[in-house]
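Just so you know, this note's numbering puts 81 at position 72 of the sequence shown, and the rest follows in order with no gaps.
One structure below.
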Amino acid sequence: MSRKDQTPAFTGEAMSEEERAAWLEAGRLLFAREATFMLGVAGLAQLPDTDLPEVCFAGRSNVGKSSLINALTGRNTLARTSVTPGRTQELNFFNLADRLILADLPGYGFAQAPKDKVQAWTRLTMAYLRGRPQLRRVLVLVDSRHGLKDVDHDVMKMLDQAAVNYQVVLTKIDKLKKGEAEQRLTQVQGELARHVAAHPEVILTSSEKGIGIPELRATLAALGLPL
């Protein structure tokens with residue numbers, strides 16, 4: 010069964026000014042609340058048993074998943090960040106005000122870790138993505154400087170087959186010039202057209218500059234329990 014939903018476009022093009030303001034405010038209010046680390050999971054049997062909706066952050070190693078979670082929650086140290094690819098080796102879960110669970114997944118692709126460990130946490134990540142019933146959306150983070158890679162398409166094909174709704178979030182957009190950012194957005198949108206479970210909106214973000222953070226908060230707030 011598909012998990013597609015009708016979350017408003019993050020650009021606000023389909024909303025009036027009043028609707029957009031209310032949408033952004035709902036995101037601000039939710040993420041102003043307390044966010045706490047729950048646990049790190051190294052096996053499926055350890056997954057938290059909750060009935061709260063979940064959103065997970067997936068992407069290649071060093072794409073900026075932990076930095077984005079910290080920017081969203083306004084907590085610099087909530088999710089552990091590192092310049093070394095592969096530091097996140099468990100599924101890390103965070104509780105946002107008992108309204109939404111955020112999951113920070115190990116990066117797929119290249120990582121500076123033993124091959125057997127990379128394979129183990131990749132299998133865990135894929136099993137989680139395919140079989141978590143409360144998972145409302147997968148955010149597939151993509152470094153805007155590099156665009157979608159073959160490994161991203163492989164993950165998205167798996168999510169297509171599992172009918173899991175996902176949305177691409179371009180990170181580090183501040184590293185591109187305006188024309189380059191627009192070109193990358195157009196390119197990614199074109200590539201997403203062949204993925205049936207992909208959300209049509211691509212969100213451009215910068216954890217460092219705060220670009221796209223209010224819009225992403227609002228998008229996620231619409232997936233959680235109402236305040």
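Where is the CB? At the ideal position from N, CA and C, for every residue including glycine.
It should be emphasised that the depicted structure is a prediction, and the values quoted were computed from it without experimental measurement.
Given this structure, state the Cα-to-Cα distance separating residue i from residue j, to the nearest angstrom.
i	j	result
Gln143	Val211	23 Å
Gly68	Tyr117	6 Å
Glu200	Arg193	11 Å
Leu56	Glu28	36 Å
Ala88	Asp163	26 Å
Thr82	Lys218	14 Å
Thr195	Leu179	12 Å
Asn71	Leu157	14 Å
Ile222	Asn104	18 Å
Thr45	Arg145	20 Å
Gln198	Pro209	8 Å
Gly36	Leu213	16 Å
Lys166	His155	19 Å
Glu34	Glu224	10 Å
Asp58	Glu26	39 Å
Does the beta-carbon distance from residue i to residue j come in below 8 Å?
i	j	result
Leu100	Val160	no
Leu150	Lys74	yes
Ala31	Cys65	no
Phe102	Leu48	yes
In terms of residue numbering, what span does the alpha helix (DSSP H) encompassing residue i cover?
i	result
Asp169	159-171
Leu194	187-201
Asn79	74-82
Leu229	222-230
Going along the chain, which residues of its own chain have a beta-carbon closer than 7 Å to the beta-carbon of residue i, five neighbours each way excluded?
i	result
Thr131	Tyr117
Glu43	Ala106
Glu63	Ile110, Ala112, Arg141, Gln143, Leu144, Arg145
Going by beta carbon distance, what residues of the same chain come within less than 8 Å of residue i, once the five residues before and after it are set aside?
i	result
Asp8	It is not possible to answer for residue 8, since the shown part of the chain is limited to 10 through 236.
Ala136	Leu53
Leu39	Leu105, Ala106, Arg108, Leu109, Arg226, Leu229, Ala230, Gly233, Leu236
Ala41	Gly83
Cα-Cα, which of the options is closest to residue i?
i	options	result
Ser153	Gly219, Leu225, Met167, Ala190	Ala190
Ala206	Leu168, Gly36, Asn71, Tyr137	Leu168
Ala202	Leu185, Arg226, Val177	Val177
Lys187	Ile220, Gly140, Ala35	Ile220
Asn174	Val197, Arg141, Leu185, Asn104	Arg141
Gln170	His204, Ala23, Gly36	His204
Ile78	Ala23, His155, Leu148, Met165	Leu148
Please list, in chain order, all residues of the same chain as residue i whose beta carbon is under 6 Å from its beta carbon, the five residues on each side excluded.
i	result
Ser215	Ile182, Asp183
Ser11	Bear in mind that a pLDDT of 37 at Ser11, under 50, signals an unreliable position, so the model cannot answer this.
Asn85	Asn79
Which residues mark the beginning and the end of the beta strand (DSSP E) in which residue i is found?
i	result
Arg146	144-152
Glu34	Note, Glu34: premise wrong, no beta strand (DSSP E); alpha helix (DSSP H) at 26-40.
Gln176	175-180
Glu43	Counting along the chain, Glu43 falls outside any beta strand (DSSP E), and DSSP gives it neither H nor E.
Glu63	63-68
Leu111	109-113
Asn71	Where Asn71 is concerned, there is no enclosing beta strand (DSSP E), given that its DSSP letter is neither H nor E.
Asn101	100-105
Closest Cβ-Cβ distance between residue i and chain C: below 8 Å?
i	result
Pro142	Any reference to chain C falls outside this structure, which holds one protein chain only.
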